[in-house]
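A.B. asks: Shown below is the structure under consideration.
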Amino acid sequence: MKHTRICGLLAALALTAALTPPVPVDAAELLLPVRQEYSGQFRDLTGSWCEDAVSVCYETGLLTGRTPDRFDASGTLTCAQITAVSARLLALLNGEDGSFPAPAAGEAWYQPYAAYLAANCQDGTVRSFLSHLGGADPQSGRPCVRRNFAALLSGVLPEDALAAMNDISVVIDSADTDVVRFYRAGILSGTDAYGTFRGENPLTRGAAAAMLARIVDPRQRLRFTPQPFDLCRDGLGVEPNAALLTVNGEEVPAELFAQRLCQSLLQWNGNAEKAAADAIRLWCKYDAPFRALAAETGVVLSDGERSAVAAEAQARDGLLGSGAAYWRYSLENVSLNLALVRHYTELDWKQGEYNYHQELEARAAALEQSAAQTELLRGLDLRAAYSRLKDTPYPVWVVE
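Structural data, given as structure tokens:
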């Protein structure tokens, strides 16, 4: 974010005197003032994994229970509810008391919170999220997914609010900068040893409490190192630079072909013959033809385009178990596709794009005819590779 002021972060921290709660909260360590006492009233939380986190969120006024004595940690939060939570957090960070007026007649209950965010947060992601709460296809009542909550929290927090404590440059299933920022700061650690984020999963109340508590109480932040995963070595059992096939006489290394091959293995439930044939077909149709046609037509990327691709590829290094070389190749193909569309449209503004796709199909067919598996690929135990992939979260990563 984006929002640069924190007013009154440490104001009134000595408010409470207190009966000792089941999970004591040391107000002096918190980024927000303690406003009420948690004394174990949520009976469904006793001994649960998120009891400490809920205690912090309750005492600082960020979250309440479903009922006075039940929190419902496994329940979900709607998009409207996370709007309210995010607005409350921003107001408290700004030194306000976190209370909001009742909605005006005819307004939705969450409108005062949305209005506060719109007036006090200039983050583009937050403003885009707010724009979809109402309208013809309202999102307000829909369950919030994990990535949306991370985006809203990141949007209301100052840039310097979360110091990095983990050496993490990419999350295995997300290159989103907001998500990476939270992993580096120990706000998120993922759902398994690899650090899988599962950003499209519904946000539970317990997970929301954990994220908020780690923001507010630095003592709860997590130091961890995700288990590394290399798709070539750990999935296929080959080195990234090992050639797996030749196309038009040129070797294709495993690091560029592994995603196609592994996803085809999942698609064909480990059938090695069908998976290999399908991966080669897809490679020749969706990966290889852009460069072949660009070389024939003289289309090249500008220095600026190549630099942007290189930077984005480096930011994705490790995503889905593939290195920067794969992501650079993939992203260059995207840019070449756009450049080729422009080229053919300039030649013939009426039929240019149609002509381009006809040429592309022809190149793909020719490349597939020229494709041949190397001895290494023919000798690979792809059924064993399929089993290894199924023993990791890789199927989840590529689906999301």
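Numbering (the numbering used here), first residue to last: 3 to 402. Glycine residues also receive a C-beta, built at the ideal position from the N, C-alpha and C atoms.
#1: Roughly how many angstroms lie between the CA atoms of V25 and L32, to the nearest whole one?
#2: Where does the unbroken beta strand (DSSP E) through P255 begin, and where does it stop?
#3: Could you tell me the distance, in whole angstroms, from the CA atom of N250 to the CA atom of L303?
#4: Starting from the N-terminal side, write out each stretch of the alpha helix (DSSP H) that is 4 residues or longer and does not extend beyond the region 188-250.
#5: Since I believe N122 is in contact with A92 (beta carbons under 8 Å), could you give me their beta-carbon distance rounded to a whole number of angstroms?
#6: Check this for me: beta carbons of S406 and T206, under 8 Å apart or not?
#7: Tell me which residue opens and which closes the alpha helix (DSSP H) that E348 is part of.
#8: Hey, S176 and D319: beta-carbon distance below 8 Å or not?
#9: Please look up how many angstroms separate the CB atoms of V181 and R216, rounded, as I've assumed it's under 8 Å.
#10: Whole angstroms are fine: how far does the CA of E348 sit from the CA of S342?
#11: Among T62, R390, A296 and S332, which one has its Cα closest to the Cα of D99?
#12: Within the same chain, show all residues whose beta-carbon is closer than 7 Å to that of A211, passing over the 5 residues directly before and after it, in chain order.
#13: Can you name, in chain order, every residue of its own chain whose Cβ lies under 7 Å from the Cβ of N335, other than the five neighbours on each side?
#14: Relative to the alpha-carbon of S389, which residue among G237, N203 and D280 has its alpha-carbon at the smallest distance?
#15: Under three-state DSSP, which class holds R318?
#16: From A315 to D280, what does the alpha carbon distance come to, in whole angstroms?
#17: In the DSSP assignment, find the unbroken alpha helix (DSSP H) run with D169 in it and report its ends.
#18: If E447 and S337 are in contact, beta carbons under 8 Å, what's the gap, nearest whole angstrom?
#19: Secondary structure at A93, three-state DSSP: helix, strand or coil?
#20: From the DSSP output, in three-state form, read off R144 for me.
#21: Do the region 109-129 and the region 40-52 meet, that is, are 3 or more Cβ pairs less than 8 Å apart?
#22: Using a Cβ-Cβ cut-off of 7 Å (strictly less than) and excluding sequence neighbours within five positions of P114, which residues of its own chain qualify?
#23: Given a threshold of 16 other Cβ atoms within 10 Å of its Cβ, counted over all protein chains shown, does L382 qualify as buried or as exposed?
#24: Just to confirm my understanding: we take L164, look at its own chain, exclude 5 residues before and 5 after, and list those with CB closer than 6 Å. What are they?
#25: Helix, strand or coil: how does DSSP classify S50 here?
#26: Classify S266: buried if its beta carbon has 16 or more other beta carbons within 10 angstroms, exposed otherwise.
#27: On a Cα-Cα basis, can you pick out the residue from A326, V173, R385 and G126 that is closest to Q269?
#28: May I ask which residues mark the beginning and end of the alpha helix (DSSP H) holding E161?
#29: Nearest by alpha-carbon distance to V254: which of T376, A277, I174 and P220 is it?
#30: I need the boundaries of the alpha helix (DSSP H) containing D280, first residue and last residue.
#31: Can you tell me whether E275 is buried or exposed, with buried defined as 16 or more other CB within 10 angstroms of its CB?
#32: Give the C-beta separation of L263 and A277 to the nearest angstrom, bearing in mind that I take them to be a contact with Cβ-Cβ under 8 Å.
#33: Could you tell me the distance, in whole angstroms, from the CA atom of P23 to the CA atom of R72?
#34: Thinking C-alpha only, which one of P242, D350 and T299 is nearest S324?
#35: Take the Cβ of W399 as the centre, count every other Cβ of all protein chains shown within 10 Å, and call the residue buried at 16 or more, exposed below.
#36: If you count every other CB in all the chains shown that lies within 10 Å of the CB of W351, and 16 or more means buried, which is it?
C.D. replies: The relevant details are as follows:
#1: The pLDDT assigned to V25 is 44, lower than 50, so where the model puts this residue is not dependable, and the model offers no usable value.
#2: Segment E252 to P255, the beta strand (DSSP E) holding P255.
#3: The alpha-carbon atoms of N250 and L303 are separated by roughly 22 Å.
#4: Inside the region 188-250, DSSP marks whole alpha helix (DSSP H) runs of 4 or more residues at positions 207-218, from first to last along the chain.
#5: Note that residue 92 corresponds to Leu in the displayed sequence, not to Ala. Contact flag correct, Cβ pair sits at about 6 Å.
#6: Absent from the model: residue 406. The displayed extent of the chain is 3 to 402, so no value can be given.
#7: It spans A326 to L349 - the alpha helix (DSSP H) in which E348 sits, taken as one unbroken run.
#8: By the CB criterion at 8 Å, S176 and D319 fall outside the cutoff.
#9: Between V181 and R216 the beta-carbon gap is near 14 Å, outside 8 Å, which marks them as no contact.
#10: In the sequence as presented, Ser is not what sits at residue 342; that position holds Leu. The alpha-carbon atoms of L342 and E348 are separated by roughly 10 Å.
#11: Cα-wise, what sits closest to D99 is T62.
#12: Scanning its chain for C-beta atoms nearer than 7 Å, with the 5 sequence neighbours on each side dropped, one finds around A211 the residues C52, A55, V56, C59 and L65, in chain order.
#13: Excluding the 5 residues flanking it on each side, N335 has same chain C-beta neighbours closer than 7 Å at D289 and F292, in chain order.
#14: The shortest C-alpha to C-alpha distance from S389 to any of G237, N203 and D280 is the one to G237.
#15: Coil at R318, not helix or strand.
#16: Cα to Cα, A315 sits roughly 26 Å from D280.
#17: Unbroken run through D169: none, as it is neither H nor E.
#18: An answer regarding residue 447 cannot be provided, because it is not within the stretch 3 to 402 covered by the chain.
#19: In the structure shown, A93 falls within a helical segment according to DSSP collapsed to helix, strand and coil.
#20: Here R144 sits in coil by DSSP.
#21: No, the region 109-129 does not touch the region 40-52.
#22: Excluding positions up to five away in sequence, the list reads F102, P103 and P105.
#23: By the 10 Å Cβ count, L382 comes out buried.
#24: Excluding residues within five positions, the ones whose Cβ falls inside 6 Å are A187.
#25: In the three-state DSSP reduction, S50 falls in the coil class, being neither helix nor strand.
#26: Per the 10 Å Cβ criterion, buried.
#27: Taking each of A326, V173, R385 and G126 in turn and checking the Cα distance to Q269, the smallest one comes out for R385.
#28: First-last for E161: undefined, no H or E at that position.
#29: It is T376.
#30: Unbroken alpha helix (DSSP H) run through D280: A274 to Y288.
#31: The residue is exposed, with fewer than 16 neighbouring Cβ atoms inside 10 Å.
#32: About 7 Å separates the two Cβ atoms, so the contact holds.
#33: Because P23 sits at a pLDDT of 39, beneath the cut-off of 50, its placement in the model cannot be relied upon, and the following sentence gives the value as read from the coordinates. Between the alpha carbons of P23 and R72 lies a gap of roughly 16 Å.
#34: Of P242, D350 and T299, the smallest CA-CA separation from S324 is found for P242.
#35: When all chains shown are included, W399 counts as buried.
#36: Counting every other CB atom within 10 Å of its CB across the protein chains shown gives W351 a total below 16, marking it as exposed.
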